[in-house]
Amino acid sequence: MNHTDNYEIALSFALQTNRNVFLTGKAGTGKTTFLHHLRGLTNKQTAVVAPTGVAAINAGGVTLHSLFQLPFTPFIPTAEGIKNLLEKGKIRSAKRKILQELELLIIDEISMVRADTLDAVDGLLRHLRYRHREPFGGVQVIFIGDMFQLSPVINDEEWKLLSPYYQSPYFFHSHAISQNQPVYIELEKVYRQEDMQFVNILNEVRNNRLTNKSLEALQSRYNPTFIPPADDTYITLTTHNYKADRINAEELDKLPDKTSLFKATIEGEFYENNYPTDENLVLKKGAKVMLIKNDTETPRRFYNGKIGTITAIEEDTITLECPEDDNTIEVKRMEWENIRYQVDDKTKQIEENVIGKFIQFPLRLAWAITIHKSQGLTFDKAVIDAGQAFTAGQVYVALSRCRTLEGMVLLSKINPFSIENDPLILEHEKQKLLPDKLEQELERSQHTFRIFILKLLFDFNEKFRQFNRLKKSMDEMATSFNEETLPYLKNIGKQLEELDEVSTKFSRQLDRLFQHFPINEAYLTERIEAACSFFLEKIDILIKTIADSPATTDSRENAKVYNEGMKSLHENLSLQQYIMRKIRHPFVAEQYFNLKNKFVVPDVKINAYSKTKASKTKAITVKYPNLYFRLLELRNQISDNDNIPVYLIAANKTLVEMADSLPLTEKELLQIHGFGKIKVKKFGPYFLDIIKEFCEDHQLRTNAEGRLILD
Numbered sequence: 006m007n008h009t010d011n012y013e014i015a016l017s018f019a020l021q022t023n024r025n026v027f028l029t030g031k032a033g034t035g036k037t038t039f040l041h042h043l044r045g046l047t048n049k050q051t052a053v054v055a056p057t058g059v060a061a062i063n064a065g066g067v068t069l070h071s072l073f074q075l076p077f078t079p080f081i082p083t084a085e086g087i088k089n090l091l092e093k094g095k096i097r098s099a100k101r102k103i104l105q106e107l108e109l110l111i112i113d114e115i116s117m118v119r120a121d122t123l124d125a126v127d128g129l130l131r132h133l134r135y136r137h138r139e140p141f142g143g144v145q146v147i148f149i150g151d152m153f154q155l156s157p158v159i160n161d162e163e164w165k166l167l168s169p170y171y172q173s174p175y176f177f178h179s180h181a182i183s184q185n186q187p188v189y190i191e192l193e194k195v196y197r198q199e200d201m202q203f204v205n206i207l208n209e210v211r212n213n214r215l216t217n218k219s220l221e222a223l224q225s226r227y228n229p230t231f232i233p234p235a236d237d238t239y240i241t242l243t244t245h246n247y248k249a250d251r252i253n254a255e256e257l258d259k260l261p262d263k264t265s266l267f268k269a270t271i272e273g274e275f276y277e278n279n280y281p282t283d284e285n286l287v288l289k290k291g292a293k294v295m296l297i298k299n300d301t302e303t304p305r306r307f308y309n310g311k312i313g314t315i316t317a318i319e320e321d322t323i324t325l326e327c328p329e330d331d332n333t334i335e336v337k338r339m340e341w342e343n344i345r346y347q348v349d350d351k352t353k354q355i356e357e358n359v360i361g362k363f364i365q366f367p368l369r370l371a372w373a374i375t376i377h378k379s380q381g382l383t384f385d386k387a388v389i390d391a392g393q394a395f396t397a398g399q400v401y402v403a404l405s406r407c408r409t410l411e412g413m414v415l416l417s418k419i420n421p422f423s424i425e426n427d428p429l430i431l432e433h434e435k436q437k438l439l440p441d442k443l444e445q446e447l448e449r450s451q452h453t454f455r456i457f458i459l460k461l462l463f464d465f466n467e468k469f470r471q472f473n474r475l476k477k478s479m480d481e482m483a484t485s486f487n488e489e490t491l492p493y494l495k496n497i498g499k500q501l502e503e504l505d506e507v508s509t510k511f512s513r514q515l516d517r518l519f520q521h522f523p524i525n526e527a528y529l530t531e532r533i534e535a536a537c538s539f540f541l542e543k544i545d546i547l548i549k550t551i552a553d554s555p556a557t558t559d560s561r562e563n564a565k566v567y568n569e570g571m572k573s574l575h576e577n578l579s580l581q582q583y584i585m586r587k588i589r590h591p592f593v594a595e596q597y598f599n600l601k602n603k604f605v606v607p608d609v610k611i612n613a614y615s616k617t618k619a620s621k622t623k624a625i626t627v628k629y630p631n632l633y634f635r636l637l638e639l640r641n642q643i644s645d646n647d648n649i650p651v652y653l654i655a656a657n658k659t660l661v662e663m664a665d666s667l668p669l670t671e672k673e674l675l676q677i678h679g680f681g682k683i684k685v686k687k688f689g690p691y692f693l694d695i696i697k698e699f700c701e702d703h704q705l706r707t708n709a710e711g712r713l714i715l716d
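Be aware that the sequence shown starts at 6, since it is given in this note's numbering, and climbs by one per residue.
Written out as C-alpha cells, the structure reads:
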C-alpha cells in the first residue's frame, strides 16, 4: 500500500508531537493499516483500546472498559459524577502504574464510543495521574474511526439522563474534546474500490448528497429473487444475527457430505463474547467459508475476508479452493491472543502480557454474515439484505464492503431516508483542515513539542515536588529515625531546590531561543551541551548522596515509606542522567522516547530498617500500617498539587483513624474525626478509592458501626 501525504502527516503528528489526532477516512482508506504501523513505529509508552472485545482482539489491544475499569452505566460529567465514578471504580495499583506511565493512547472504532464514556476516561486519567488541568491527564490520544459507519449504542433511558449535558452521544461532543479539539485528518485514497463511479456514489451517500442518477445506479442492482450460484463467492450481508445464522444453517444442511466438528482450544483467560469464530466449528466438504485472519506466511496466500469453498477436511488441515486462485489453500489452526498491559519493574516500560489464547481454524461459514461483523472487510461479490437496517451507518457499511457496483446485488431497494446521515456528523467534518493548513499545523506542533521535550529533559520541579511529598511524611515520622536523617534530607532538598532554580532559568532561555524561527541550531546545540555538562555534574553528586543514605529506623513500616521514596527519586534522577549522557545533536523529540525505552533501572541498596535503632519515641500504632502510609502519601500529593497545607486536608490522627476503621462510603467517612462534609465532598473520593482497593486486596470490609469483619 502506497501511503498518501495525509497518512504520513498523521504519522508525524503521532510520533513527533503531543497533539491529539482524529484520524478518519472512508471504508478501505487504510485506517487499520495506520494503527498497526504506528504501533510498530512509536517509542512512546502505548496502549491500544477499542469499544468491543472483538474489535480489541483484532486491533491487538484491550477494551476501553477493561483498561479503565469503567462501569456500563452512563457517566454524568459533573463533580458528583466523577466522585461516583471513583467510588465505583476498582483500579488496582498494577493498573494505576500503567495509566501513570502511559504516553500514547490509541482508541480504535471511535465512532462507537459514547461522549460520556470518553469523559469518564478523561476524568480518570486526570485523577490517577494527578494532572487535573490537562486533557486526558497529559496523555496523547489518537482517535481512529469513521463517523459515517457504526454509531454509539444508547437507549432512550440513557439519553434521558445524558441529554442535559451533551448535544449528541458522539465522541466529538464530549467535554474533553470540546475543550481540546484534536487535529482532524482524513485519509482520502480509497484502496478498496477502484470503480470510480461506485466511489463517487459512496461519497454522495456519506455527504447526504445522493443524486437521482446515483440512486438509480444503486437501485439497478435490485434483484429480490436472486439466488447466488453454488460455485460462486457471493456472501449475503444481513442486518441481524438470526438471519445470517439461519441462512448458513440451511445452506450447510443442503450439502450431502457428513459434518466435521472442530473444537477450539482455549488457554487462560479468553471470554466467550470475544471469540473470533465459533468455539465449536461445524463444517462440511463443499461449505462456503470466509477466512477471518491474515496469513502469516510469505508470500501471503489469504487475507481477512477472503472467501473459498472447502474441498478437503483433515484433522489438522482444511483445504480451500478460491475462484481467483490457481492453487488450493491449506489452512491450519491459528492463534488469537488476549493481552493485558503491565509495567516492567526494571525498565518501567508498558508491556503486553498474553493472558489467554483462542486456537481454532480461522474460518467462518460465509453464505451470510451480519453487516456489523462485516465492518473492516472487503468482498468482490455481496448480496445486501438491508431492508431492516436500523441506522444509516449500517447501510453505508454494507454498501462500502463491495469493491464494485457490479459485484453488488440488492435484495431490497434502498430507501433514500435510510441512508441520510446525521447533520451533526457533517457539521463536525467541517473541522477537517486543508492540506496546506495541515502541514503548517504539523510544523508548528513539531516545533512546540521539541521545546516541550527539551524542557522536560532539564526539568527538576517534579523531582523537587516528589521529594517534598516524601519530606512531609518524614517530618511526621522523624522521631522514629536516627538524628542524622533530617539534616541529610535537608541537604538533598537544598540540592534539588538549587537544580530547580537553575532549570527554571534555563527553561526561560529555551523559550526565548525558540521564539526565533528558524532555530539557530548551532547555538541551541551549544546551550544544550553546556546545560548537560552543568546538570550531569550536579546529578552525579545527588545520586551518590542518595545511595549513601545514613537513615535508620526500627519501624519496618516507616522504613518502607522512606526506602520506596528514595529509590523512586534515585530512579528518576538516573533516567534523567542517562538521557543527558546519550543525546545526540541536532536534538529531535523522538530521541527522548527512544533513550527512555532503553533505560534500565539501576540497582541501589537503600534500607533504613535496623533492629538495633532505638527510636526517640514510639512509632505510630495503627492496625493497617501499609494502608496508613498510602493515605499519608495521597494526602501529601494533594497538598503538593493543589498547594494546600496538610492540616487542611487531613491531620495525622485522622489518617490513623481511617486506616483503623476502613470507611468505605461517604457516610462512614463522615464518622471519622476531622473529616466533615466539606472535606468529604472535596477529598473523600480520593481517600475512599485507596481504602476500597486495600480492602478488596486483603478481603476486608467494615460494618456500619465501624467493627471490622474478616471475610
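Just so it is clear, CB atoms sit at the ideal spot from N, CA and C, and this is done for glycine as well. Owing to the predicted nature of the structure, the values given are computational and were not obtained by experimental measurement.
Comparing alpha carbon positions, the residue from I654, N657 and L693 closest to E673 is L693.
The residue among F176, I96 and R101 with its C-alpha nearest the C-alpha of T122 is F176.
When the Cα atoms are used, F422 and N278 turn out to be separated by approximately 33 Å. Inter-segment contact for the stretch 626-633 and the stretch 449-466 is absent: fewer than three beta-carbon pairs are separated by less than 8 Å. The residue from L75, A99 and I103 with its alpha-carbon nearest to that of E92 is L75. In the three-state scheme derived from DSSP, where H, G and I count as helix and E and B as strand, Y401 is classed as helix. Contact between F598 and I654 does not hold, since the beta-carbon distance rounds to 35 Å and is not under 8 Å. Within a 10 Å sphere around the beta-carbon of M201 sit fewer than 16 other beta-carbons, which makes this residue exposed.
In this structure, G150 sits away from T34, with a CB-CB distance that is not shorter than 8 Å. The residues I376, in chain order, have a CB closer than 6 Å to that of Q399 in the same chain once the five nearest residues on each side in sequence are set aside. Per DSSP, Y583 is one residue of the alpha helix (DSSP H) stretching across R561 to K587. Contact annotation: V627 and N641 have beta-carbon atoms that are not nearer than 8 Å.
Within the same chain, Cβ atoms closer than 6 Å to the Cβ of Y493 are found at P555, the five residues on either side in sequence being excluded.
Of all C-beta pairs linking the stretch 113-133 to the stretch 56-74, three or more are shorter than 8 Å, placing the two stretches in contact.
The C-alpha of A181 lies about 6 Å from the C-alpha of D124. The Cβ-Cβ distance between L260 and K218 does not fall below 8 Å. If you compare the alpha carbons of N602, L667 and I544 with that of S579, the shortest gap goes to I544. One alpha carbon belongs to T216, the other to I147, and they sit about 35 Å apart. With fewer than 16 neighbouring CB atoms inside 10 Å of its own CB, S168 falls in the exposed class.
Counting C-beta atoms within 10 angstroms of its own C-beta, F73 has 16 or more neighbours from the protein chains shown and is therefore classed as buried. Partner residues in the beta bridge of S265, as assigned by DSSP, are L288.
According to the DSSP assignment, D390 belongs to the beta strand (DSSP E) that extends over A387 to D390. Under the DSSP assignment, T241 falls in the beta strand (DSSP E) whose first and last residues are I240 to T243. A direct Cα-Cα distance of roughly 11 Å separates N602 from D349.
Assigned with DSSP and collapsed to three states, N358 falls in strand. Closest option to R101, judged by alpha-carbon separation, among P79, G142, R138 and I112: G142. Bridge partners of E342 according to DSSP: K362. When DSSP states are grouped into helix, strand and coil, Y175 belongs to the coil group. Linking T38 to I190 through their CA atoms gives a straight-line distance of about 15 Å.
The beta carbon of Q380 sits closer than 6 Å to the beta carbons of V402 from its chain, once the five residues preceding and following it are set aside; these are given in chain order. If you look at I182, you'll find it in the alpha helix (DSSP H) that goes H180 to Q184. Of the candidates Q354, K268 and I315, the residue whose Cα lies closest to the Cα of R338 is K268. At least 8 Å separates the beta-carbon of N23 from that of F604.
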